[in-house]
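In UniProt numbering, the protein residues as written are 1 to 460.
One structure is given here, and the rest of the page talks about it.
Next up, the structure:
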């Protein structure tokens, strides 16, 4: 579960003391957008959570049908769209796989090229086992301020929230300089089926014009700007020894002992080559880059058998100031060196060994990697960052940006493509991907005020 870091002190640009015409315009925009319509929001979110069973993303068993969510969003927005003639919203339903659409919604502004966007509200969810929950995860229940169900925090709550924002823009028709774009995406929770969501939209150039202004990725939590995330390198260390009776340990190569000693050496070298980076303090990361085991497996056997092999699995969580390919290169070099010097690796006890000279048999270490992702460090000098901080302070009462070595997929690729990516979210980190997921309606109301504040400030 993600944990928060220390606070980053933010000093946004000074704001004028007197009300200029531009600040008056900004105030008028916020007034026109008003507050979140709680009844409308809860009604829409109830419909979305009712579809959550069918948008669980865990191929090949569970392939989401994001168009189930799209239909409800369209029901809210089409009455205020150019499609029906009822309003200014321009709606584009983009589908690359059957039943798995994305939705791009645009509220046109008056000045060409002046734009801001809310992106990342994904319409798939992680799996939920009803037998492990205290309530039905696939239908929304309300407990005071709590809105309970799979997707309330991640990320159907944000889908409903941004839908309400765009609906209000279409309904109230404020005179804006900036075009406001919302991009609801498919296939965020699992990337094993490529070419479905934001990756395909970027490839086709459908988001290119968003590079002209700040892009707010709405898929984090706890109402504060998330300014840094970690990369992830899943790894498997497979160690092969020699199977033999445990009473004749001198005739075996114990893969458990070799694995433990090899991993210790690999970790030691990793932390020497990738120590805490000076920028991690600037961004307030709670931890530096880490490499650690999280799983252990072996083929099985009797208690009196030293097994043939075992596998340790784990991950590297990498702060965004190091490059994933550099780490993979180093890890491969560590393992290659250990194999060349297998007889020099520390053993355990008088008969433990990793090389049997009479049989010319050596233990062997292999490392492999699953799909990797890179972290992101948001631009702390950008206009987007400063307006997000000010809007958060105005709506929430304080601003405390944070960084995590948890991973948000896709956003580093957007940053590398030239987008000014800032991230925020209004669910709860404590219930992110968890059993008994819920969000707070009051937090979502504040999130709406943050969005309105961002739009208003960018009119100044």
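Heads up, the beta-carbon is just placed ideally off N, CA and C, and yes, glycines get one too.
(request) Determine the direct distance from the alpha carbon of residue 431 to that of residue 133, and round the result to whole angstroms. (result) 12 Å
(message) Under DSSP, the alpha helix (DSSP H) around residue 72 begins and ends at which residues?
(response) 67-77
(request) Tell me the start and end of each unbroken beta strand (DSSP E) in the segment 86-129 that is at least 3 residues and wholly inside, in chain order. (result) 90-95, 101-107 and 115-122
(request) Locate the beta strand (DSSP E) running through residue 196, then write down its first and last residues. (result) Careful: residue 196 lies outside any beta strand (DSSP E) and carries neither H nor E.
(request) State the CB to CB distance for the pair residue 209 and residue 115, rounded to an integer number of angstroms; the pair is presumed to be in contact (CB under 8 Å). (result) 6 Å
(request) With residue 369 as the anchor, note down where its beta strand (DSSP E) starts and where it stops. (result) 364-369
(message) On the DSSP letters alone, give me the boundaries of the beta strand (DSSP E) that residue 216 sits inside.
(response) 214-218
(message) Across the segment 155-164 and the segment 176-191, are there enough close Cβ pairs to call them in contact, namely three or more that are closer than 8 Å?
(response) yes
(message) Can you confirm whether the segment 400-410 touches the segment 373-390 when touching is taken to mean that 3 or more C-beta pairs between the two stretches lie within less than 8 Å?
(response) yes
(message) Suppose the cutoff is 6 Å on Cβ atoms and the five residues either side in sequence are ignored; what does the same chain contact list for residue 411 look like?
(response) 217, 376 and 421
(message) With a threshold of 8 Å, are at least 3 pairs of Cβ atoms found where one atom belongs to the segment 250-268 and the other to the segment 339-355?
(response) yes
(request) Could you pull out every residue in the same chain whose Cβ sits closer than 6 Å to the Cβ of residue 65, ignoring the five residues on either side in sequence? (result) 54 and 99
(request) Provide the residue(s) that pair with residue 245 in DSSP beta bridges, ordered along the chain. (result) 305
(request) Write down the C-beta distance between residue 307 and residue 301 rounded to the nearest angstrom, noting that I regard them as a contact closer than 8 Å. (result) 5 Å
(request) Could you tell me which of 43, 89 and 126 sits nearest to residue 59, measuring between CA atoms? (result) 126
(message) In whole angstroms, give me the CA-to-CA distance for residue 5 and residue 362.
(response) Residue placement at residue 5 is flagged as unreliable, the pLDDT there being 45, under the threshold of 50; a coordinate-derived value is accordingly withheld.
(message) Rounding to the nearest angstrom, what Cα-Cα distance links residue 291 and residue 97 in this structure?
(response) 36 Å
(message) Quick check on the burial criterion: 16 or more other C-beta atoms within 10 angstroms. Buried or exposed for residue 266?
(response) buried
(message) Under DSSP, the beta strand (DSSP E) around residue 421 begins and ends at which residues?
(response) 420-424
(request) Just the C-alpha distance for residue 248 and residue 310, rounded to the nearest angstrom, thanks. (result) 19 Å
(message) The alpha helix (DSSP H) that contains residue 268, what's its start and end?
(response) 255-273
(message) Considering Cα atoms alone, identify which of 169, 318, 102 and 63 is closest to residue 86.
(response) 169
(request) Tell me residue 238's beta-bridge partners as DSSP assigns them. (result) 311 and 366
(request) Would you kindly work out how many angstroms separate the C-alpha atoms of residue 416 and residue 95, rounded to a whole number? (result) 24 Å
(request) Determine the extent of the beta strand (DSSP E) in which residue 294 is found, giving its start and end residues. (result) 290-297
(request) For the alpha helix (DSSP H) holding residue 448, just list the boundary residues, first then last. (result) 441-457
(request) Note down the Cα distance separating residue 2 from residue 337, rounded to an integer number of angstroms. (result) For residue 2, the predicted model reports a pLDDT of 45, less than 50, meaning its position is unreliable and no value from the coordinates is stated.
(request) Please determine, among 173, 123 and 387, the residue with the shortest C-alpha to C-alpha distance to residue 51. (result) 123
(request) Report the residue from 370, 178 and 177 whose alpha carbon sits nearest the alpha carbon of residue 231. (result) 370
(request) Evaluate residue 192 with the Cβ neighbour count: other Cβ atoms within 10 Å of its Cβ, from every protein chain shown; 16 or more gives buried, anything less gives exposed. (result) exposed
(message) Can you find the residues in the same chain that come closer than 7 Å, C-beta to C-beta, to residue 244, ignoring five residues on each side of it along the sequence?
(response) 251, 252 and 306
(request) Can you tell me which of 398, 399, 391 and 385 puts its alpha carbon nearest to the alpha carbon of residue 213? (result) 385
(message) With three or more C-beta pairs closer than 8 Å as the rule, is the segment 276-283 touching the segment 383-399?
(response) no
(message) Using C-beta distances below 6 Å, list every residue in its chain close to residue 118, excluding the 5 sequence neighbours before and after it, in chain order.
(response) 162, 182, 216 and 218
(message) Can you find the residues in the same chain that come closer than 7 Å, C-beta to C-beta, to residue 40, ignoring five residues on each side of it along the sequence?
(response) 164
(request) Return helix, strand or coil for residue 208, following the three-state DSSP convention. (result) helix
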